[in-house]
Structures are given as C-alpha cells and as structure tokens.
Amino acid sequence: MELPLGEVKMVKASVVDVDALSATKDSVLVMDFEGGTSAASWLNAKNKTLGDQLGHAVAEGDFTWKEGQVLVLYSKGILPVSRLIFAGLGKKSDFEINKVRVASAAVVNSVRQAGIKELAVRIESFSSLQEQGAWCTACLEGAMLAHHKYEVHKSIADPARLNHIILCAPGGSKELASSVQYATIVSSNTIKARDLINTGASDKPPKIIADHAKKVSGKNVKVTAFFKKDLQRMGAGGILAVNRGAAHEPCLLVVEYNPVKKPVSTVALVGKGIVFDAGGLDIKPASGMETMKVDMNGAAAVIHATCSAAELGLPIRVVGIAALTENLLGPEAYKPGDFVKTMSGKTVEILNTDAEGRMVLADALHYAKTFKPDYIVDIATLTGACWIALGSEAAGLFSNDKELQNLLVQAGEETYERVWPLPLFEEYGEYIKSDFADLKNVVSNSPSGGGAITAAKFLENWVDKTQKWAHLDIAGVDWMEAEKDYRPRGATGFGVRLLTRFLMNVARKL
Ligand code: BES
Ligand code: ZN
Ligand code: ZN
Numbered sequence: 004m005e006l007p008l009g010e011v012k013m014v015k016a017s018v019v020d021v022d023a024l025s026a027t028k029d030s031v032l033v034m035d036f037e038g039g040t041s042a043a044s045w046l047n048a049k050n051k052t053l054g055d056q057l058g059h060a061v062a063e064g065d066f067t068w069k070e071g072q073v074l075v076l077y078s079k080g081i082l083p084v085s086r087l088i089f090a091g092l093g094k095k096s097d098f099e100i101n102k103v104r105v106a107s108a109a110v111v112n113s114v115r116q117a118g119i120k121e122l123a124v125r126i127e128s129f130s131s132l133q134e135q136g137a138w139c140t141a142c143l144e145g146a147m148l149a150h151h152k153y154e155v156h157k158s159i160a161d162p163a164r165l166n167h168i169i170l171c172a173p174g175g176s177k178e179l180a181s182s183v184q185y186a187t188i189v190s191s192n193t194i195k196a197r198d199l200i201n202t203g204a205s206d207k208p209p210k211i212i213a214d215h216a217k218k219v220s221g222k223n224v225k226v227t228a229f230f231k232k233d234l235q236r237m238g239a240g241g242i243l244a245v246n247r248g249a250a251h252e253p254c255l256l257v258v259e260y261n262p263v264k265k266p267v268s269t270v271a272l273v274g275k276g277i278v279f280d281a282g283g284l285d286i287k288p289a290s291g292m293e294t295m296k297v298d299m300n301g302a303a304a305v306i307h308a309t310c311s312a313a314e315l316g317l318p319i320r321v322v323g324i325a326a327l328t329e330n331l332l333g334p335e336a337y338k339p340g341d342f343v344k345t346m347s348g349k350t351v352e353i354l355n356t357d358a359e360g361r362m363v364l365a366d367a368l369h370y371a372k373t374f375k376p377d378y379i380v381d382i383a384t385l386t387g388a389c390w391i392a393l394g395s396e397a398a399g400l401f402s403n404d405k406e407l408q409n410l411l412v413q414a415g416e417e418t419y420e421r422v423w424p425l426p427l428f429e430e431y432g433e434y435i436k437s438d439f440a441d442l443k444n445v446v447s448n449s450p451s452g453g454g455a456i457t458a459a460k461f462l463e464n465w466v467d468k469t470q471k472w473a474h475l476d477i478a479g480v481d482w483m484e485a486e487k488d489y490r491p492r493g494a495t496g497f498g499v500r501l502l503t504r505f506l507m508n509v510a511r512k513l
C-alpha cells in the first residue's frame, strides 16, 4: 500500500540584484501601504507611459491599497513586462509582517486562472537586513502555501501555472539567499504535512505513515518504527489500549536528526498521531467525526519540523516522536471503566474512550525521556475545549518553564502560527484523580469546564518535574472549513512552521 500523494511541485524561488522590470518579461508585483507612495515613486515616469491606469483605478475607488486588494494592469508592450500587479498592505500604522504573507497569497489566488509563470517581486530596501529578510520569507511563504492545493483525487486537476518567483532586491541579494532557502524549506514541509493530513484515513494506516517518514527524511535523519510487538515489550499500555479497537497495528515512530557536528542541545518533539478518531465506544456524532482524519496533525508537524531542521542543517539534535494509531470501535476496543497501565507504570481509569490523545501521549512523553532532552514540546489536536476557548486564531500553550514559553510565543509571532498561554494551576490536577487508579482520563462529573487545562494537567504526569516541557493544543487551528489567505480548505499543517522557527531560535540562542 502506498500513500496517494501527488508530486509536490514547488514554486521555485530566487533572489536577484536587479530592478524587477529587468528580472522578467512576464509579471512584476509591487506591494505597498495605503496611499501607495513608495509604488508611485518607483513607477514614476513609467506611470505616465501607462496612461496613469493606477491613478484611475484609485480615483474610481476600485483599488485603494487595502489589505488583500490586488490590481492587475497590462503594459501592452509599453514596458518590457506583460503585467504589473499591485497588492495592498493596508494602513502603514497597522502593519505587521503577516500582511505580506496575506498580500502575496491574495496575488497567487487571484491570478490562479491567469497564465502567469514568472513573478518578479519588487522588494523595498529597508534599513535593516533582518527586516528585509523577514519580508522576503513572508512573501514567499504566502505565495508558496497559497499555490499548492490538495488535488490528488481530482480527475482533472487545476494546473499550477506559476513556477518561479524572483525577489528583486538591488544591493542585498546575497544576504537574502538564506531567507529564500528557509522559506522554501518550511513551505515545502508544510505542504507535505498538509497533504498527509488531508489524505483519507483509510489510506494512511500507521505503517504507511512510518514509510512516508522514511521516504521524506533526508541526510542525517534516522527513522525508527516500533510496532505492536515492540510496544508490548516496552509496556506501552496507553498506545496499545487505544489501538485495541483498530484495524491496523499501532506505531511509535522516532525521527531523529543529528547534526554533523556534535550537538550541544537536544529538543524532543512529541506528536499526537490519531490516524482517525471515531471516539471509540464513546463514539462521536457524525458532525464531530467528519474531519477526524486531521487528528494526526501533531504527528505530521513533528515529522516535517524535524525534516525542516535537518534540511536547514541546524546545529541541534531534534528527536521527533509520533504516537500513531486509529481510535475505532472494533470488538476488542478499550472500554469505559477499563484500567490501563502506561509505559511509566502509572495507571489510568478510562472514563471516556474519546479522550484517547492523552493516553497515547502519556507513553510517547515517557519514551521521550530516553533522549535526555533539554526541552520537550508536544503538539496535539487534543481537546474541543481548547477550540471553544481560543477559536481558530491561536493554539493553546501550556508550559512549566517561562523561557521555553517565551521561545514558543516568539516563534508564534514570527510565523503567525500564534500560541496563547493557559495555566497549569495545581487545583486542576485534582479534577483527574481517580479513586481506583493513579489518574482518570477525563473529569467524571462533567461538565466541569477547563477541559483543555485538565488534559494538559493529565500530560504533566508523564513529564519529570525538572524537565522543561510545553504542550500545544492545536484543536481549532488544524483545519479550514473555507479557504482563507495562504490556507486552502482542509488541513493547515499547523506547527511545521512554528516548531521549525522555534528550533531555529533555540539553535541561535546557543
Ligand atoms: N481529537 C479530539 C479533539 C478535537 C476536537 C480535535 C475537535 C479537533 C477538533 C479528542 O480526541 C477528543 O475527542 N477530545 C474530547 C475529550 C473529552 C472526551 C474529554 C473532546 O474534546 O470532546
Ligand atoms: Zn477523541
Ligand atoms: Zn483525538
């Protein structure tokens, strides 16, 4: 069995030292704030020769450089390029870097049906190179992520036409090459994660995902897969319990990147990989089950963030650990009232089989200790409660360490995969104490409230007190019901960019 993944055709990106009008014969993109003064000074005399079409569009109120607005003009042979495209960034006073991502995505989405193959982007010269680099990265991410759609099951796919983006940065092209490389790596890994998450659950049993990880991981990455027999030997009672109603074997997958030089730091990333969450015997209603192939987003993010770290050649060791199984209702399925002994020896009274994520993570978090990591970050589509609390604009962040928390918040701001701190107050831990076992997997006198927090408190039991640990609850940010900017309908691949940026910042800190 093979994953039905199509070839990912990435938009190629490069950076050159010349003005955009000399970089291509196809199309030139200029972004600007409301008022368009920078674009106007660049256009200058060219504008007159074009008959001031831009001025007319503005005067008619058709184009006012608002966020997301796109205007395409045809140069009709007057200029050496076919099209001039303008994209609005909104008010300068409201600016933050994600608006560049949104603008370049708007351009790619609005010219999708046009024949544009090559796009030269005018990059403003900024006082700081760092600012210019962030601008380039955002511009490429927006375009690349908007460009790729999951279409492997369409008989007639919408052909991708854009194949090259040229960033035009007179004077600074050499320094920007690393921004181009970074954007290409994180975007291609996000796209691969999205495709894997969008794949139907019947097409991606754990073993097939393990094969996928072997296939995508390149140099300096070792992939180890533990299957049912291994897990029995290891005492992985949490994963095995959830797996009992499943059709396919579970897998604890370890994707380990070791840099060429001896690393001074180790980060473990732990991902929830429920290939399909039907809820188990506590079956979900149809409306809640519809998208549950997304329940392995955490695993996909961990695999592809580790691949990104390897492709970037970061000087730290990264161990990606994914706990993979279906949560179904086979005759052997684990049942409410059952007792489960996890790998650490701690026991759990099962009260709801739909709280399966924390059961598989309990074993994966315990296993992560093997690598003596400086940081452990787990990522999971864990609770509907987190979705209710934060909606779809931020993931929940829980951490026992301020510095780690800050690193993740910063990476969230840089990538716009934002995370928001929630508490791990001691009192919430009381909610999940069991009369019969060490813990129970849900609060029994529901509704109790604080479901995202009690889930995090549950996980905390499998992490040593002195271990720097953070938990990301990504239920809510994992899936788009409708296309928005650089996120097409379906899986967002949340976490690949966030975790990669986090790893890069950890490496920089050393
Ligand atoms: N995978 C779900 C959480 C989820 C919900 C992810 C919606 C994405 C969108 C998780 O396994 C689950 O079912 N959690 C239960 C926990 C409850 C039984 C304590 C939930 O949130 O209802
Ligand atoms: Zn569930
Ligand atoms: Zn789940």
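Here the sequence shown stands for residues 4 to 513, numbered as in my numbering.
We treat Cβ as the ideally placed atom computed from N, Cα and C, and that holds for glycine.
- Here the region 165-179 does not lie against the region 207-221, with fewer than 3 beta-carbon pairs under 8 Å apart.
- Proximity to Ala117 across Trp138, Gln470 and Val75 peaks at Val75, based on C-alpha coordinates.
- Ile242 sits in a helix when the DSSP states are folded into three classes.
- Under the three-state reduction of DSSP, Asp377 is assigned to coil, being neither helix nor strand.
- Taking all protein chains in view, the Cβ of Ala494 is crowded by 16 or more other Cβ atoms within 10 Å, so the residue is classified as buried.
- The C-beta distance from Ala304 to Val499 rounds to 5 Å, short enough to meet the 8 Å contact threshold.
- Shown here, Trp423 sits in a strand according to DSSP, grouped into three states.
- Assigned with DSSP and collapsed to three states, Met346 falls in coil, not helix or strand.
- Leaving aside the five residues that flank Asp298 on each side, the residues in its chain whose CB is nearer than 6 Å to its CB run, in chain order, Ile277, Asp280 and Thr384.
- Along the length of the region 234-291, whole alpha helix (DSSP H) runs at least 4 residues long occupy 240-246, reported in chain order.
- Note: Asp476 is bridge-paired with Ala383 and Gly399 in the DSSP secondary-structure output.
- For ligand 3, a non-hydrogen atom lies closer than 7 Å to the CB of Asp280.
- For His151, there is no enclosing beta strand (DSSP E), as DSSP marks it with neither H nor E.
- Under the three-pair Cβ rule at 8 Å, the region 430-449 does not count as touching the region 374-388.
- Separation of Gly203 and Thr469 (C-alpha to C-alpha, rounded to the nearest whole angstrom) is 40 Å.
- Within the same chain, no Cβ atom closer than 6 Å to the Cβ of Ser158 is found once the five residues on either side in sequence are excluded.
- Between the region 424-434 and the region 320-333, the count of C-beta pairs closer than 8 Å stays below three; the two stretches do not touch.
- DSSP places His156 in the coil class of the three-state scheme, outside both helix and strand.
- Straight-line spacing of the CA atoms in Val343 and Val19 works out to 59 Å.
- Bridge pairing for Ile88: Leu32 and Val75 [DSSP].
- With a cut-off of 7 Å, the C-beta of Ile277 is classified as near ligand 3, since at least one heavy atom of the ligand falls inside that distance.
- Within 7 Å of the C-beta of Asn330 there is at least one heavy atom belonging to ligand 2.
- Taking 7 Å as the cut-off, the C-beta of Thr384 counts as close to a heavy atom of ligand 1.
- Here the region 192-208 makes no contact with the region 44-56; the two share fewer than three CB pairs at distances below 8 Å.
- Of all alpha-carbon atoms in Lys102, Gly221, Pro376 and His474, the one lying nearest the alpha-carbon of Ala312 is that of Gly221.
- In the three-state DSSP reduction, Trp465 falls in the coil class, being neither helix nor strand.
- By the criterion of at least three beta-carbon pairs nearer than 8 Å, the region 287-297 is not in contact with the region 242-261.
- Secondary structure note for Lys15: its beta strand (DSSP E) is the uninterrupted segment Lys15 to Val19.
- For ligand 1, a non-hydrogen atom lies closer than 7 Å to the CB of Ala358.
- Around the beta carbon of Glu5, a 10 Å sphere encloses fewer than 16 other beta carbons of the protein chains shown; the residue is thus reported as exposed.
- When beta bridges are read from the DSSP output, Thr328 appears opposite Ile277.
- Gly399 is classed as buried because its beta carbon has at least 16 other beta carbons within 10 Å across all chains shown.
- Inter-residue distance for Met507 and Lys207 is about 30 Å (C-alpha atoms, whole angstroms).
- Residue burial annotation: Glu134 is exposed, with fewer than 16 other C-beta atoms found within 10 angstroms of its C-beta.
- Ala108 is positioned such that its CB atom lies no closer than 8 Å to that of Leu32.
- In this structure, Val183 lies near Ser17, with their beta-carbon atoms less than 8 Å apart.
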